[in-house]
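Read through the structure below, which is laid out as structure tokens, and then see the notes.
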Amino acid sequence: MSVRRVVPDIQTEAMEESRDFYGLLGLEEVMNLGWVSTLASPDNPTAQVILMTQEMTAPVTPDMSVEVDDVDAVYEAVRASGARIVRPLQDEEWGVRRFFAADPNGKVVNVLSH
């Protein structure tokens, strides 16, 4: 299995101000669903930050997102390890398949494939 990108997820009540701040650092909005926005470097599109007001399809907001090439294989490996699955594997309407798991520190990781 291969990791394609690792992205911090920042929960915010100041979406516009946060978008403006990260724009000062050179990041541009590449996706906006209203409650979640992805900002990326135009020169290095895998350098990203995710901003979200709240997680609309899960009970908790993740701390980070990890895009992998085979989310089904990773899901089985994480389940088999005994790690806590916070949200089961499912397809989202915006074209990703994902699940949430808690790392040993209690941080919630959104694991996904496009």
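According to the numbering used here, the sequence shown is numbered sequentially starting from 314. C-beta atoms are modelled at their ideal positions from N, C-alpha and C, and glycine is treated no differently.
Give a yes or no on whether the minimum CB-CB distance between residue i and chain D is below 8 Å.
| i | result |
| --- | --- |
| S350 | The chain inventory of the structure shown lacks chain D, comprising one protein chain alone. |
Tell me which residue opens and which closes the beta strand (DSSP E) that residue i is part of.
| i | result |
| --- | --- |
| N423 | 421–426 |
| V302 | Since the first and last residues shown for the chain are 314 and 427, residue 302 lies out of range. |
I'd like to know whether the C-beta atoms of residue i and residue j end up nearer to each other than 8 Å.
| i | j | result |
| --- | --- | --- |
| I363 | T351 | yes |
| M328 | A386 | no |
| R410 | S394 | no |
| V381 | V320 | no |
| D416 | V424 | no |
On a Cα-Cα basis, can you pick out the residue from the options that is closest to residue i?
| i | options | result |
| --- | --- | --- |
| V399 | A390, P372, M328 | P372 |
| T325 | E368, V343, L337 | E368 |
| V349 | Q361, T366, P417, D333 | T366 |
| P358 | E342, T370, V381, V421 | E342 |
| G408 | D356, L346, P321, R392 | L346 |
| K397 | F413, A353, V316, V424 | It is worth fixing the name first, because residue 397 is Arg in this sequence and not Lys. Out of F413, A353, V316, V424, F413 has the C-alpha closest to the C-alpha of R397. |
| E406 | P321, V391, T370, V424 | T370 |
| N418 | D376, E389, L337 | D376 |
Going straight from the alpha carbon of residue i to that of residue j, what length do you get?
| i | j | result |
| --- | --- | --- |
| G339 | D333 | 10 Å |
| S378 | P355 | 19 Å |
| M344 | P401 | 24 Å |
| A360 | A353 | 6 Å |
| K420 | D383 | 21 Å |
Subject >> Uninterrupted alpha helix (DSSP H) stretches inside the segment 326–398 (no shorter than 4 residues) >> reply: Listed in chain order, the complete alpha helix (DSSP H) runs (minimum 4 residues) inside the segment 326–398 are 328–337, 384–394.
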